[in-house]
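**Q** Below are the structure tokens for one structure; questions will follow.
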Amino acid sequence: LAYGGFVAISGWVQSDSSGEIPHRPWAAMVMAGLLLAMAAEGGVFASRIFHDERKSGTLPVTLGFPLPTWRIVVEKLGGGSLALLPVIAWFLFATRIDETVFQDLVTDYRTWMVGLVYLVLVHLVVLLSLYVRWGALPLALALVVILAGCGFPLMWLPATALGAATGSEDAMVLPAIYACGVVVAVLLAMIVLRLKAVAAE
Numbered sequence: 015l016a017y018g019g020f021v022a023i024s025g026w027v028q029s030d031s032s033g034e035i036p037h038r039p040w041a042a043m044v045m046a047g048l049l050l051a052m053a054a055e056g057g058v059f060a061s062r063i064f065h066d067e068r069k070s071g072t073l074p075v076t077l078g079f080p081l082p083t084w085r086i087v088v089e090k091l092g093g094g095s096l097a098l099l100p101v102i103a104w105f106l107f108a109t110r111i112d113e114t115v116f117q118d119l120v121t122d123y124r125t126w127m128v129g130l131v132y133l134v135l136v137h138l139v140v141l142l143s144l145y146v147r148w149g150a151l152p153l154a155l156a157l158v159v160i161l162a163g164c165g166f167p168l169m170w171l172p173a174t175a176l177g178a179a180t181g182s183e184d185a186m187v188l189p190a191i192y193a194c195g196v197v198v199a200v201l202l203a204m205i206v207l208r209l210k211a212v213a214a215e
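Counted from 1, the sequence shown has number 94 at position 80 by my numbering; the numbering is strictly sequential.
Here it is as structure tokens:
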């Protein structure tokens with residue numbers, strides 16, 4: 015209901031004096047708002063992914079399943095993403111308002127870079143939630159902002175060089191894919207180690 019209300023209100027805000035709604039600005043506003051909501055919901059869930067197990071002391075039981083620990087983490091994240099289905103459904107509706115806005119979004123290399131950084135953020139939130147009881151999400155956001163600010167020049171140079179060499183802006187995302195893939199793998203390994211340490215306490 016909240017998302018439906020947001021879509022309706024944003025349409026009213028974008029309507030002109032004659033009552034007509036320009037589809038492109040409306041679609042852009044709705045998609046931006048829903049993506050922010052989706053990111054916030056995902057971050058909050060990631061910060062509480064093992065909260066119940068730690069609170070009830072059942073983390074050793076969870077890790078006792080005949081599955082690799084990293085797979086348990088990934089499946090917990092995947093299962094939690096089902097809670098995002100309402101906002102995803104409204105986002106799909108927004109793509110039908112003006113499909114060109116969605117096409118511009120998915121073909122922009124910067125969209126993929128933001129998505130990769132968010133993937134790193136989610137794993138960092140999970141890791142920090144195993145160290146602190148509250149504040150894992152804002153702490154992770156602060157760390158990502160600091161690290162992204164420091165690492166941006168290092169990533170920008172190879173990205174622009176690759177883009178110039180290939181003549182395609184899409185190729186500029188390749189260094190980010192590699193770097194974020196390495197960071198996610200390292201964070202996942204750290205999550206596994208921390209989970210085992212907490213379970214053994």
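Each residue gets a CB set at the ideal place from its N, CA and C atoms; glycine is no exception.
#1: Where ALA54 and VAL101 are concerned, what is the direct C-alpha to C-alpha distance, given to the nearest angstrom?
#2: Within a Cβ cutoff of 6 Å, which residues of the same chain sit near GLY60, ignoring the five residues on either side of it in sequence?
#3: Mind reading off the beta-carbon distance from LEU209 to THR83? Whole number of angstroms is fine, and I expect it under 8 Å.
#4: Going by Cα to Cα distance, which pick from VAL87, PHE166, ALA97 is closest to GLY56?
#5: Assuming contact is defined by CB atoms lying nearer than 7 Å, are VAL213 and LEU77 in contact in what I supplied?
#6: My assumption, with CB atoms under 8 Å, is that SER143 sits in contact with ILE86. Please give the rounded CB distance.
#7: Tell me, to the nearest whole angstrom, how far the beta carbon of TRP40 is from that of GLY25; I am working on the premise that it is less than 8 Å.
#8: Within the same chain, show all residues whose beta-carbon is closer than 7 Å to that of PHE79, passing over the 5 residues directly before and after it, in chain order.
#9: Taking C-alpha atoms, which residue in ALA16, ILE191, VAL146, LEU81 lies nearest to PRO172?
#10: Measuring only the C-alpha atoms, how far is ILE35 from PHE107?
#11: Taking the alpha-carbon positions, what's the LEU119 to THR125 distance?
#12: Counting along the chain, where does the alpha helix (DSSP H) carrying GLU34 start and finish?
#13: If contacts are defined as beta-carbon pairs under 8 Å, then TRP104 and LEU161 qualify, I think. What distance do you get, rounded to the angstrom?
#14: Which two residues bound the contiguous alpha helix (DSSP H) that contains TRP104?
#15: Please confirm whether HIS37 and ILE111 have their CB atoms less than 7 Å apart.
#16: Note down the Cα distance separating LEU153 from GLN117, rounded to an integer number of angstroms.
#17: Between the alpha carbons of LEU157 and LEU151, how many angstroms are there, rounded?
#18: Quick test of your reading: VAL131 and MET45, contact by CB under 8 Å. State the CB separation rounded to the nearest angstrom.
#19: For VAL27, which residues of its own chain have a beta-carbon under 6 Å away from its beta-carbon, when the five flanking residues on both sides are left out?
#20: Using the beta-carbon count (16 or more within 10 Å), is PRO167 buried or exposed?
#21: Among residues of its own chain, excluding the 5 on either side of ILE205, which ones have a beta-carbon nearer than 6 Å to its beta-carbon?
**A** In brief:
#1: 11 Å
#2: According to the sequence shown, residue 60 is Ala rather than Gly. Hits under 6 Å: VAL136, VAL139, VAL140.
#3: 6 Å
#4: ALA97
#5: Per the sequence shown, residue 213 should be read as Ala rather than Val. Yes, they are a contact pair.
#6: About 15 Å; that fails the 8 Å criterion.
#7: 5 Å
#8: ILE86
#9: ILE191
#10: 16 Å
#11: 6 Å
#12: No alpha helix (DSSP H) holds GLU34; DSSP gives it neither H nor E.
#13: Not a contact, Cβ separation roughly 32 Å.
#14: 99-111
#15: yes
#16: 33 Å
#17: 10 Å
#18: Not quite, the Cβ-Cβ distance comes to about 18 Å (not below 8 Å), so this is no contact.
#19: none
#20: exposed
#21: VAL87, VAL140, LEU141
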